[in-house]
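Right, one structure below, let's go through it.
Residue numbers (our numbering), protein chains in the order written: chain A, 39 to 160; chain B, 69 to 198.
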């Protein structure tokens, strides 16, 4: 049995205040990166809501997603992608969202996902 | 022969995903592959609840995984923090939290997320059932 670094894609599909899925997804992504896996994050469907600026997470009594996502570079997690269609369907534009997330069309997103060894959906 | 890790993020009973995962696991073994481990995350940690009970004519997926784990020497691993948040604690955890009771199902172990990463790293494939 040999050990080797895997390219892992974590797909975030839930809004931050809708469930614990977003937080647990980020936990798994960060731990994977700590264990030296190559981690990418994909924000699809309601997952794009995790990227919204101007949220009052303290009032909602949940972890500050804006701050947590902003700290991902410290974990060497720099491959961040969001689904253009999901964004548009929710009436959002890139300036309403955190910086540094690459916007991808469905096709480009598909190819990007296919370039990973493992895809986990949360 | 391949070594396969299984990730289950769906709860027992409320979702049919776990049953599909077990069918998959049995098929892998029948085909000569090995299951490196089954990792339970998010609502999946409910499989490790010792208090799950069913009438004898109902399916009992948490217990079926126990049997599978024992028969094929496959570790059944719960993410400890996800489990604790959902009210599943082993004896040591319960003591640390000052609780008088614990409820970790026999055959299941509560471990850190890092262990899933290691499991996944050494397995040839990881398959998630959601």
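Backbone N, C-alpha and C define an ideal beta-carbon position, used for all residues, glycine too.
Drop a sphere of 10 angstroms on the beta-carbon of residue 138(A), count the other beta-carbons inside from all chains shown, and report buried for 16 or more, exposed for fewer. Walking along the first chain from the start, residue 138(A) turns up at place 100. Exposed: under 16 other Cβ atoms inside 10 Å.
Going along the chain, which residues of the region 60 to 83 of chain A sit with their C-beta nearer than 8 Å to a C-beta in chain B? 62, 65, 66, 69, 70, 72, 73 and 75
Selected residue, minimal CA-CA separation from residue 174(B), among 131(B), 154(B), 105(B) and 195(B): Against the second chain, residue 174(B) aligns to sequence position 106. Residue 131(B) is the option with its Cα nearest to residue 174(B).
Against chain A, does residue 182(B) count as a neighbour if the rule is that its beta carbon must be under 9 Å from one of theirs? What you label residue 182(B) is simply residue 114 of the second chain in a count that begins at 1. At least one chain A Cβ lies under 9 Å of residue 182(B).
Residue 194(B) (DSSP reduced to helix, strand or coil): If you number the second chain from 1, residue 194(B) lands on position 126. Residue 194(B): strand per DSSP, three-state reduction.
Going along the region 115 to 127 of chain A in order, which residues come within less than 8 Å of chain B, judged by CB to CB distance? none
Out of 74(B), 115(B) and 69(B), which has the shortest C-alpha to C-alpha gap to residue 162(A)? One cannot answer for residue 162(A) here, as it falls past the ends of chain A, which runs 39 to 160.
Check residue 107(B) in the structure and name its three-state DSSP category. One-based indexing of the second chain puts residue 107(B) at position 39. In this structure, residue 107(B) counts as strand in the three-state DSSP scheme.
Which residues in chain A have a C-beta closer than 7 Å to the C-beta of residue 99(B)? List them in chain order. The residue labelled residue 99(B) in the question sits at position 31 within the second chain. Neighbours of residue 99(B) on chain A: none; closest Cβ ~19 Å, over 7 Å.
When you check each C-beta in the region 110 to 135 of chain B against every C-beta of chain A, which residues fall closer than 8 Å? 110
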